[in-house]
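Enquirer:
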Amino acid sequence: MSRGPLRRGPRPDWGSDESHCGILHVDMDAFFASVELVRRPHLRGRPVIVGGESRGVVLAATYEARAFGVHSAMPMAQARRMCPQAIVLPPDQAAYRAASVAVMAILGQVTALVEKVSVDEAFLDVSGARRRLGSPTVIAEQIRERVRRELDLPCSVGIASTKFVAKLASGMAKPDGVLLIPRAATVPFLHSLPVGSLWGVGERTEAALARWGITTVAQLADSEVATVQRAVGKVAGAHLHDLAWGRDPRPVTPVRQEKSIGAESTLPEDTADRSVLETHLVSLADRTATQLRERGLVARTVSLKVRSADFRTLTRSRTLGVPTDTAREVSLAARELLAGVDLGGQAVRLVGVRAEGLTASTTRPLTLEESVDDGHAPQRRAEQAMDEVRRRFGAGAVRAASVVDATSRTSTILEPPGDLS
Amino acid sequence: MRFRVDRDVLAEAVTWTARSLPTRPPVPVLAGVRLEADANGLVQLSSFDYEVSARSEIAADVVEAGTVLVSGRLLAEISRALPAKPVDVVLEGSKVTVTCGASRFTLLTMPVEDYPALPAMPAVVGTIAGPELTEAVAQVTVAASRDDTLPLLTGVRMEIEGEKITLLATDRYRLALRELSWTPATPGHESIALVRARTLSDAAKSLGSSEQVTVALSTGAGVDLIGFEAGGRHTTSLLVDGDYPAVRRLFPDETPIHAVVSRQALTEASRRVALVAERNTSIRLAFSEGQVVLNAGQGDDAQASEALEAALTGEDITVAFNPQFLLDGLGALSTEFVRMSFTHPNKPVEFTGQAALDGDDDSSYRYLLVPIRFAS
Numbered sequence: 023m024s025r026g027p028l029r030r031g032p033r034p035d036w037g038s039d040e041s042h043c044g045i046l047h048v049d050m051d052a053f054f055a056s057v058e059l060v061r062r063p064h065l066r067g068r069p070v071i072v073g074g075e076s077r078g079v080v081l082a083a084t085y086e087a088r089a090f091g092v093h094s095a096m097p098m099a100q101a102r103r104m105c106p107q108a109i110v111l112p113p114d115q116a117a118y119r120a121a122s123v124a125v126m127a128i129l130g131q132v133t134a135l136v137e138k139v140s141v142d143e144a145f146l147d148v149s150g151a152r153r154r155l156g157s158p159t160v161i162a163e164q165i166r167e168r169v170r171r172e173l174d175l176p177c178s179v180g181i182a183s184t185k186f187v188a189k190l191a192s193g194m195a196k197p198d199g200v201l202l203i204p205r206a207a208t209v210p211f212l213h214s215l216p217v218g219s220l221w222g223v224g225e226r227t228e229a230a231l232a233r234w235g236i237t238t239v240a241q242l243a244d245s246e247v248a249t250v251q252r253a254v255g256k257v258a259g260a261h262l263h264d265l266a267w268g269r270d271p272r273p274v275t276p277v278r279q280e281k282s283i284g285a286e287s288t289l290p291e292d293t294a295d296r297s298v299l300e301t302h303l304v305s306l307a308d309r310t311a312t313q314l315r316e317r318g319l320v321a322r323t324v325s326l327k328v329r330s331a332d333f334r335t336l337t338r339s340r341t342l343g344v345p346t347d348t349a350r351e352v353s354l355a356a357r358e359l360l361a362g363v364d365l366g367g368q369a370v371r372l373v374g375v376r377a378e379g380l381t382a383s384t385t386r387p388l389t390l391e392e393s394v395d396d397g398h399a400p401q402r403r404a405e406q407a408m409d410e411v412r413r414r415f416g417a418g419a420v421r422a423a424s425v426v427d428a429t430s431r432t433s434t435i436l437e438p439p440g441d442l443s
Numbered sequence: 390m391r392f393r394v395d396r397d398v399l400a401e402a403v404t405w406t407a408r409s410l411p412t413r414p415p416v417p418v419l420a421g422v423r424l425e426a427d428a429n430g431l432v433q434l435s436s437f438d439y440e441v442s443a444r445s446e447i448a449a450d451v452v453e454a455g456t457v458l459v460s461g462r463l464l465a466e467i468s469r470a471l472p473a474k475p476v477d478v479v480l481e482g483s484k485v486t487v488t489c490g491a492s493r494f495t496l497l498t499m500p501v502e503d504y505p506a507l508p509a510m511p512a513v514v515g516t517i518a519g520p521e522l523t524e525a526v527a528q529v530t531v532a533a534s535r536d537d538t539l540p541l542l543t544g545v546r547m548e549i550e551g552e553k554i555t556l557l558a559t560d561r562y563r564l565a566l567r568e569l570s571w572t573p574a575t576p577g578h579e580s581i582a583l584v585r586a587r588t589l590s591d592a593a594k595s596l597g598s599s600e601q602v603t604v605a606l607s608t609g610a611g612v613d614l615i616g617f618e619a620g621g622r623h624t625t626s627l628l629v630d631g632d633y634p635a636v637r638r639l640f641p642d643e644t645p646i647h648a649v650v651s652r653q654a655l656t657e658a659s660r661r662v663a664l665v666a667e668r669n670t671s672i673r674l675a676f677s678e679g680q681v682v683l684n685a686g687q688g689d690d691a692q693a694s695e696a697l698e699a700a701l702t703g704e705d706i707t708v709a710f711n712p713q714f715l716l717d718g719l720g721a722l723s724t725e726f727v728r729m730s731f732t733h734p735n736k737p738v739e740f741t742g743q744a745a746l747d748g749d750d751d752s753s754y755r756y757l758l759v760p761i762r763f764a765s
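Top line first, the protein sequences correspond to chains A and B.
Counting with this note's numbering, you get residues 23 to 443 for the letters of the first sequence.
Counting with this note's numbering, you get residues 390 to 765 for the letters of the second sequence.
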């Protein structure tokens, strides 16, 4: 979901020439909140926020809530102040994943060229489907209609000649709309935007560019590449300058290699007690490792994220001798990293564990023990049994004894929607 | 305190005593070496970091007895750099001067009274021949884990049964076992100790040049300590705590297939072929009658292969290894030939040394390595 303010007024029309516009960006509208509304239809039309109950952040908000200024990644306390009448629902990651799978299945029937960006958005290359299914706008409407009819979920679609313009277009199309940016209109369209809309320009880059007087894409495009590079670095500078002229050669690549998998949680209350933090790490490592096994991946590097009460965030990472997908090894590494963190007397607000350097688990070397016992080391076996129990009885059915009390009140987010990060 | 000593004697003793001093000690005194000169013409040097202690004795012309604590690292560097002349070490007020020929150094001292007492040497349990200890320790520590998240596996398990000592180490992917004989202080002595691999190899390296190394051990009651002594040098270390996993069962009971290859030739060929094996990729060894073909790399990547003579008993077999683990195993052996014993391409392979092509293998050292699975 978009972090930007709700766009008001009529959608500008950039023309209707669909030739050369084969890229679709499908983005679910207020995804988590919309999924909640499917099973709670009586809440339709009311401001609904999905997120951690007492603390934590907003993961999704309906447009009714956004009208009050609520947006994703906003601290929940602030959201509640802005919209006290909002109904706050705790996140149900299993339901969102299931809905995501269903959406992706529909997209997969349109074309094989689907690149999943996150749980709630994907790129499609439909340039080869024109004959079979019709023009890109027709296909976009078909997708929206099927997702609405079969899953009762709204989505928006951006159509353009490149991926990043399609993504910008879907953002402009929200809520529940379609926007086509013809190839000839790409540059004028881009030049109508503030520089912060460009893919990859966050607050820091925006500030760095602003110091050079660049606040709009048009100004960025008219600047010397060297100037932009001086502001934001060589590689990023050249890339942004290209984007400002609509140059984005990246194709839609169906199998997107996931770079990392992780989980983080905002603690119910700030704490400097390392034993409490370690308990959280156990549960986060468990969630991370479960995801690794679910996807048949192993991680070579484990990273730890710690945010202190004063909102300073630091990360530490450690490369393992051998890639792993067990919670035990992930949590041991995370604990080791935590031991090396100097909190400087600050209490901790959030901890996160992330598995990086992912490869297919078939490449994981077996230990002597696993090899002798036909691939079943006790630890892996125990965790695989936990996977099985959770498949049958739900995510909360089994967890490590040490985490039972500590985590029952935290909000743990597993895979936030892509544009949160 | 005032004494005169030969420069080589001093340099060697300080270097040895200060060898395991921490670079960033939790308290400054722990970076020190304590020098204690007595009226009998002996200077005792000691260091301790609460885990490992070291003590050595040298003969010197002691003019005035006394004790000082100075930076071990600095004293070691200075004494190694001095010209080959007699060295005078004198305490003057709160400073120590080291004079040798025309060179003169002044070192600050640290308060001796703040220095912790070194643990007493535990009871002697027996003696091992120095060279054999050095070899055995090098052979097993190669398989010990360097990953501190698994402290148990950073240790070497030492099992003493009468006149036999067994050393065992594993990082879960390979397992090394060495049996050696020694002379126990009391016949039929039995004990088990888990010693940090780093400490053990350090002790073996620094004392192994002596003919005999005395081993001292205290387990069970109070502090678990191991001590080694040779040529006036004593070192002690805390033992690693915990139950070592039952790893002996991992050795195969029967190996229907085995191959004997020249160890040197296989080592060199493996090194060459491994050049194209990127990180995490394997080197494959395909054994058939009379030969083994090594190859690495596949698909679009760089590839290499090499064939060697090999005496194969049993069916043809192909296994893949982590190149470094393979080289570690070959390097731990010192025999002319290596015997590799197999049960199945995906089951652990046992490496043993063998003196002659058609002889028996020497099972006093066994290196067990798990192969990497590969799609055939």
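Cβ coordinates follow ideal geometry from the N, Cα and C atoms, glycine included.
Quick one: is residue 196 (chain A) buried, meaning 16 or more other Cβ sit within 10 Å of its Cβ, or exposed?
Expert: Under this definition residue 196 (chain A) is a buried residue.
Enquirer: Along chain A, which residues have their Cβ under 8 Å away from the Cβ of residue 757 (chain B)?
Expert: The contacting residues are 390.
Enquirer: For residue 213 (chain A), tell me which candidate among A:244, A:234, A:223 and A:92 has the shortest Cα-Cα distance.
Expert: For residue 213 (chain A), the nearest C-alpha among the options comes from A:244.
Enquirer: When the Cα of residue 593 (chain B) is compared with those of B:622, B:607 and B:512, which residue comes out closest?
Expert: Measuring from the Cα of residue 593 (chain B), the nearest candidate turns out to be B:622.
Enquirer: Expressed to the nearest angstrom, what Euclidean distance is found between the alpha-carbon atoms of residue 417 (chain B) and residue 538 (chain B)?
Expert: Using only the alpha carbons, I get a separation of about 27 Å.
Enquirer: Using DSSP bridges, identify the partner residues of residue 510 (chain B).
Expert: Paired residues: none, contrary to the question.
Enquirer: With a threshold of 6 Å (Cβ to nearest heavy atom), would residue 72 (chain A) be considered close to the ligand ZN?
Expert: Summarising the ligand content, the structure contains no ligands, and the ligand ZN is consequently not present.
Enquirer: Any beta-carbon of chain D closer than 7 Å to the one on residue 538 (chain B)?
Expert: No chain D appears in this structure, whose protein chains are A and B.
Enquirer: What residue range does the beta strand (DSSP E) around residue 416 (chain A) cover?
Expert: Note, residue 416 (chain A): premise wrong, no beta strand (DSSP E); not H, not E.
Enquirer: Report the rounded CA-to-CA distance for residue 759 (chain B) versus residue 401 (chain B), giving the unit in angstroms.
Expert: About 42 Å.
Enquirer: In angstroms, rounded to a whole number, what distance separates the CA positions of residue 141 (chain A) and residue 370 (chain A)?
Expert: Cα-Cα distance, rounded: 29 Å.
Enquirer: Comparing the C-beta of residue 354 (chain A) with each C-beta of chain B, is any distance below 7 Å?
Expert: So, interface residue.
Enquirer: Hey, quick one: how far does the alpha helix (DSSP H) through residue 712 (chain B) stretch, first residue to last?
Expert: Segment 712 to 721, the alpha helix (DSSP H) holding residue 712 (chain B).
Enquirer: Residues of chain B with CB closer than 7 Å to the CB of residue 373 (chain A), please, in chain order.
Expert: None at all; the shortest Cβ gap to chain B is about 18 Å.
Enquirer: So what's residue 83 (chain A) in DSSP terms, helix, strand or just coil?
Expert: If DSSP states are grouped into helix, strand and coil, residue 83 (chain A) belongs with the strands.
Enquirer: With 8 Å as the C-beta to C-beta threshold (strictly closer), list the residues of the stretch 255 to 267 of chain A near chain B in chain order.
Expert: Residues passing the 8 Å Cβ filter: none.
Enquirer: Under a three-way DSSP split, which group does residue 728 (chain B) fall into?
Expert: In this structure, residue 728 (chain B) counts as strand in the three-state DSSP scheme.
Enquirer: For residue 203 (chain A), name the three-state secondary structure that DSSP assigns.
Expert: Residue 203 (chain A) falls in the coil class under three-state DSSP.
Enquirer: Roughly how far, in whole angstroms, is the beta-carbon of residue 392 (chain B) from the beta-carbon of residue 457 (chain B), given that I think they are within contact range, below 8 Å?
Expert: Contact flag wrong, Cβ pair sits at about 11 Å.
Enquirer: Name, going along the chain, the residues of the stretch 552 to 566 of chain B whose beta-carbon falls closer than 8 Å to a beta-carbon of chain A.
Expert: For the stretch 552 to 566 of chain B, which is checked against every Cβ of chain A, the residues closer than 8 Å are 559, 560, 561, 562, 563 and 564.
Enquirer: Would you identify the three-state DSSP class for residue 409 (chain A), choosing helix, strand or coil?
Expert: Note: residue 409 (chain A) maps to helix in three-state DSSP.
Enquirer: Closer than 9 Å, Cβ to any Cβ of chain A: which residues of the stretch 461 to 490 of chain B, in chain order?
Expert: Of all residues in the stretch 461 to 490 of chain B, none has a Cβ within less than 9 Å of some Cβ in chain A.
Enquirer: Residue 682 (chain B) and residue 694 (chain B) look like a contact to me (Cβ under 8 Å); what is the Cβ gap, rounded to whole Å?
Expert: Rounded, the Cβ-Cβ distance is 6 Å, consistent with contact.
Enquirer: Under 9 Å, CB to CB, which of the residues in the stretch 498 to 519 of chain B have a partner in chain A?
Expert: Cβ contacts with chain A come from no residue of the stretch 498 to 519 of chain B.
Enquirer: Provide the residue span of the alpha helix (DSSP H) that contains residue 520 (chain B), from first to last.
Expert: That run of the alpha helix (DSSP H) goes 519 to 530.
Enquirer: Taking Cβ positions only, does residue 737 (chain B) come closer than 7 Å to chain A?
Expert: Chain A contact via Cβ: present.
Enquirer: Keeping to the same chain, check which residues put their C-beta closer than 8 Å to that of residue 716 (chain B); ignore five residues upstream and five downstream.
Expert: Excluding residues within five positions, the ones whose Cβ falls inside 8 Å are 656, 659, 660 and 663.
Enquirer: Can you tell me whether residue 402 (chain B) is helix, strand or coil according to DSSP?
Expert: Of the three classes helix, strand and coil, the one that applies to residue 402 (chain B) here is helix, per DSSP.
Enquirer: Which same chain residues end up closer than 7 Å to residue 56 (chain A) when comparing Cβ atoms and leaving out the 5 residues on each side of it in sequence?
Expert: Excluding sequence neighbours, residue 56 (chain A) sits near 50, 175 and 176.
Enquirer: Please classify residue 134 (chain A): is it buried, with 16 or more other beta-carbons within 10 angstroms of its beta-carbon, or exposed?
Expert: When all chains shown are included, residue 134 (chain A) counts as exposed.
Enquirer: Once the 5 residues before and after residue 354 (chain B) are set aside, which same chain residues still bring their CB inside 7 Å of it?
Expert: Here chain B comprises residues numbered 390 to 765, so residue 354 (chain B) is not present and cannot be evaluated.
Enquirer: Using three-state DSSP, classify residue 748 (chain B) as helix, strand or coil.
Expert: Here residue 748 (chain B) sits in coil by DSSP.
Enquirer: Label residue 570 (chain B) either buried or exposed according to how many other C-beta atoms from any shown protein chain fall within 10 Å of its C-beta, with 16 as the threshold for buried.
Expert: The residue is exposed, with fewer than 16 neighbouring Cβ atoms inside 10 Å.
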